[in-house]
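Line by line, the protein sequences are chains A and B. Numbering follows the numbering used here, with no gaps: position 61 of the first sequence is 61. Numbering follows the numbering used here, with no gaps: position 69 of the second sequence is 69. Each residue gets a CB set at the ideal place from its N, CA and C atoms; glycine is no exception.
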Amino acid sequence: MSRIKTIIVVAALGTGSAALGFAATAGAQNDNDTRGPIPETAFESGQLDLSQVPDLVDVLGPEGTSVGYVRRDDLYPTSPEGDILEREPSIPVFDGNDRRVGDWVENRGFVAAGTTSSAGSRTPTTTVEGE
Amino acid sequence: MGTTTRRRKRLAHLIVIPILVGALLGGVAGAATSGWVNYGNQLMGDGVARRHCAKADVINNGGNPDFKGWARTTTGSGCTSSLASVPAGYLGAAFDAYRNGSLCGSAGPVFQGSANSTFGVGGTVCSNPSGNQNFHTVGRGYFWGGSYYSYNNHYRIYLATSPYLSI
């Protein structure tokens, strides 16, 4: 009987941990997060001052209006040594209530949830090689 | 008295009109650049140390912002002389575009297809609604480090940021 109780308690703890783990993953924002556009002063030195970049960076959609936020650490991830790391080609965009409203897709911009990334128009780019 | 007033008005027009035209043209043309940002000498994939430089531009292209991110290698102490050609694929570039500090577009990374010292990618990726908007570019330069670097599939990444361009 006591073994059964132990099994039930362990299973319950396991489920609880899993739920907490999920909440930590899904809960991208917390009350202390700063959010909004990147301030002018963060650009001024010629090298982006990440300490001035808000935790949640404002994102504009195809209509040019704000559609949500991306996490600074998703946009400009860094290594423990401070090296800039390559970001994922698609990063989540959240609204102010922490709901995922779409993704920021490299070369496309904001793609709303429920649409395929191929639905958006591709960013027109040119490359310049020389010297 | 009337003649004097007319002369004064004509003089005022002669002064004010060119100023207004100049201001208007100044608002249409223009560019903002980080200049080359020097990230120092690093060993690249072929075992040769070269200076790594990154740059970000935003240019007024007929009233729309054109964003550019750049990468360059040199063998000098700075970024503008002794340019050092590197094999194809050693350099890459990307950029993020911002309107009034909000992310409005991005492109890249794209990698060079032939040997050279300088590589960039650009695009007009953000709308420009009426009224003055401030645009910035965050350029990302990619530099192949091969076995001398462990992150990012062996590419070092360096950022450069342009000052704002008001259009």
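Own chain partners of residue i with C-beta closer than 7 angstroms, once the 5 adjacent residues on each side are dropped
{"i": "residue 78 (chain B)", "result": "38"}
{"i": "residue 152 (chain B)", "result": "none"}
{"i": "residue 164 (chain B)", "result": "32, 134, 135, 136"}
{"i": "residue 155 (chain B)", "result": "92, 142, 143, 144, 145"}
heavy atom of the ligand ATP below 7 angstroms from residue i C-beta
{"i": "residue 148 (chain B)", "result": "Absence of the ligand ATP is noted for the structure shown, with no ligands found whatsoever."}
Alpha helix (DSSP H) segment containing residue i, residue limits
{"i": "residue 96 (chain B)", "result": "Element bounds for residue 96 (chain B): not the alpha helix (DSSP H) but the beta strand (DSSP E), 91-99."}
Under the three-state DSSP convention, the category residue i falls into
{"i": "residue 56 (chain A)", "result": "strand"}
{"i": "residue 147 (chain B)", "result": "helix"}
{"i": "residue 40 (chain A)", "result": "helix"}
{"i": "residue 152 (chain B)", "result": "helix"}
{"i": "residue 166 (chain B)", "result": "strand"}
{"i": "residue 106 (chain B)", "result": "strand"}
{"i": "residue 43 (chain B)", "result": "strand"}
{"i": "residue 90 (chain A)", "result": "strand"}
{"i": "residue 85 (chain A)", "result": "coil"}
{"i": "residue 196 (chain B)", "result": "Chain B is shown only over 1 to 167; residue 196 (chain B) falls outside these bounds and no answer can be derived."}
{"i": "residue 51 (chain A)", "result": "helix"}
{"i": "residue 78 (chain A)", "result": "strand"}
{"i": "residue 38 (chain B)", "result": "strand"}
{"i": "residue 88 (chain B)", "result": "coil"}
{"i": "residue 138 (chain B)", "result": "strand"}
{"i": "residue 45 (chain A)", "result": "coil"}
{"i": "residue 125 (chain B)", "result": "coil"}
{"i": "residue 65 (chain A)", "result": "coil"}
{"i": "residue 131 (chain B)", "result": "coil"}
{"i": "residue 169 (chain B)", "result": "Past the boundaries of the shown model lies residue 169 (chain B); chain B is included only from 1 to 167, so the question cannot be answered."}
Beta strand (DSSP E) segment containing residue i, residue limits
{"i": "residue 73 (chain A)", "result": "It is not in any beta strand (DSSP E) - residue 73 (chain A) instead sits in the alpha helix (DSSP H) that spans 72-75."}
{"i": "residue 75 (chain B)", "result": "Element bounds for residue 75 (chain B): n/a, residue is neither H nor E."}
{"i": "residue 116 (chain B)", "result": "Counting along the chain, residue 116 (chain B) falls outside any beta strand (DSSP E), and DSSP gives it neither H nor E."}
{"i": "residue 58 (chain B)", "result": "49-61"}
{"i": "residue 125 (chain A)", "result": "Residue 125 (chain A) -> no beta strand (DSSP E), and no H or E assigned at all."}
{"i": "residue 32 (chain B)", "result": "31-33"}
Sequence-distant residues of its chain with Cβ nearer than 8 angstroms to residue i (five each side left out)
{"i": "residue 40 (chain B)", "result": "51, 52"}
{"i": "residue 103 (chain B)", "result": "96, 97"}
{"i": "residue 94 (chain B)", "result": "69, 106, 107, 108, 109, 110, 121, 139, 140, 142"}
{"i": "residue 124 (chain B)", "result": "61, 64, 65, 66, 67"}
{"i": "residue 76 (chain A)", "result": "48, 50, 53, 84, 87"}
Closest residue to residue i among the options (Cα-Cα distance)
{"i": "residue 65 (chain B)", "options": "B:56, B:149, B:118", "result": "B:56"}
{"i": "residue 45 (chain B)", "options": "B:129, B:89, B:161, B:128", "result": "B:89"}
{"i": "residue 87 (chain B)", "options": "B:150, B:121, B:157, B:145", "result": "B:145"}
{"i": "residue 91 (chain A)", "options": "A:63, A:50, A:107, A:80", "result": "A:107"}
{"i": "residue 65 (chain A)", "options": "B:114, B:47, B:126, B:119", "result": "B:126"}
{"i": "residue 162 (chain B)", "options": "B:123, B:108, B:47, B:96", "result": "B:96"}
{"i": "residue 157 (chain B)", "options": "B:71, B:118, B:167", "result": "B:71"}
{"i": "residue 131 (chain B)", "options": "B:111, B:121, B:100", "result": "B:100"}
{"i": "residue 121 (chain B)", "options": "B:108, B:114, B:113", "result": "B:108"}
{"i": "residue 69 (chain B)", "options": "B:75, B:58, B:76", "result": "B:58"}
{"i": "residue 35 (chain A)", "options": "A:51, A:47, A:45", "result": "A:51"}
{"i": "residue 87 (chain A)", "options": "A:73, A:128, A:63", "result": "A:73"}
{"i": "residue 38 (chain A)", "options": "A:84, A:49, A:62, A:32", "result": "A:49"}
{"i": "residue 105 (chain A)", "options": "A:46, A:129, A:112, A:89", "result": "A:89"}
{"i": "residue 113 (chain A)", "options": "A:61, A:32, A:56", "result": "A:61"}
{"i": "residue 80 (chain B)", "options": "B:150, B:118, B:49, B:114", "result": "B:118"}
Cutoff 6 angstroms; reference residue i; Cβ partners in own chain excluding five residues on either side
{"i": "residue 94 (chain A)", "result": "28, 68, 69, 100"}
{"i": "residue 215 (chain B)", "result": "The first residue shown for chain B is 1 and the last is 167, placing residue 215 (chain B) beyond what the model contains."}
{"i": "residue 53 (chain A)", "result": "38, 42, 72"}
Contained beta strand (DSSP E) runs [length at least 3] in the region 94-118 of chain A, N- to C-terminal order: 100-105, 109-112
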